[in-house]
Amino acid sequence: VKYFLLSIPLALLCSCTQPVVQSELVNEVDSFLASYTETYLGLQAKSAEADWSLNTKIVDGDNSNSKAYEEAEGKVAEFTGSVEVIEKARRYLEGRAGLNDLQARQLKAILYAAARNPQTKPGLVKARIKADAAQTEALFGFDFKIDGKSVTTNEIDRILEEEDDEQVRLAAWNSSKEVGKGLKKGLAGLVSLRNQTVQALGYKDFFQYQVS
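Under full-length UniProt numbering, the first residue of the sequence shown carries the number 1, and numbering increases by one thereafter.
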């Protein structure tokens with residue numbers, strides 16, 4: 001009986017301690033998520049601005065927008081894929097029993113983003129960003145032509161949708177496909193880099209990463 005009575009305070013102590021520990025974990029994770037979100041949104045805003053310029057302000061022979069995009073996106077990658085972020089997110093998820101559902105989902109999203117930019121493979125990530133920028137620049141800077149005359153993609157779309165003359169439509173169709181010739185080689189390299197990048201965090205390839 002004496003030993004039973006002695007065990008009661010210990011049991012009560014354990015039951016009181018566990019919620020406190022869980023509460024501390026929840027607060028720590030909340031602090032981490034808030035800090036991550038604030039930093040990420042700031043970096044992502046600059047990356048989105050650079051991406052917009054890369055898509056819309058392409059000048060032949062001027063690669064300043066491409067460089068600006070690589071720098072801005074590189075900072076996003078360095079943060080989201082940092083070893084510290086990956087290790088913290090994994091550690092918190094290991095104690096997921098003490099987390100709420102929203103916290104667990106946010107931590108999983110952070111690890112998902114990290115898989116695209118793992119700083120355990122910084123060279124691969126940097127090469128992938130550079131390849132992304134080159135493909136975007138090649139696509140949006142391409143000079144589409146019909147019968148030797150430069151045309152916009154909107155003009156090509158209009159011809160394909162409205163033109164009755166089959167020869168004119170065929171010329172527009174062929175013009176729309178010309179850009180693919182220049183992108184093919186770069187795209188193959190980009191696919192390889194994307195696959196290698198996500199493999200660093202356990203994905204088979206970029207396709208598996210996207211559908212996971």
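Beta carbons: idealized from backbone N, C-alpha and C, even for Gly. Keep in mind that this is a model prediction, so the values were computed, not measured.
- When rounded, the separation of the alpha-carbon atoms in A104 and L187 is 35 Å.
- Taken through DSSP and simplified to helix, strand or coil, D62 comes out as strand.
- A138 places its beta carbon 8 Å or farther from that of I156.
- Under the DSSP definition of a beta bridge, K149 partners with I146.
- Note on geometry: alpha-carbon atoms of I129 and E87 lie some 23 Å from one another.
- One alpha carbon belongs to G202, the other to Q106, and they sit about 19 Å apart.
- A straight-line Cα-Cα distance of about 29 Å links G95 and K75.
- When DSSP states are grouped into helix, strand and coil, A45 belongs to the helix group.
- By alpha-carbon distance to G61, the top candidate from K145, G180, E178, G141 is G141.
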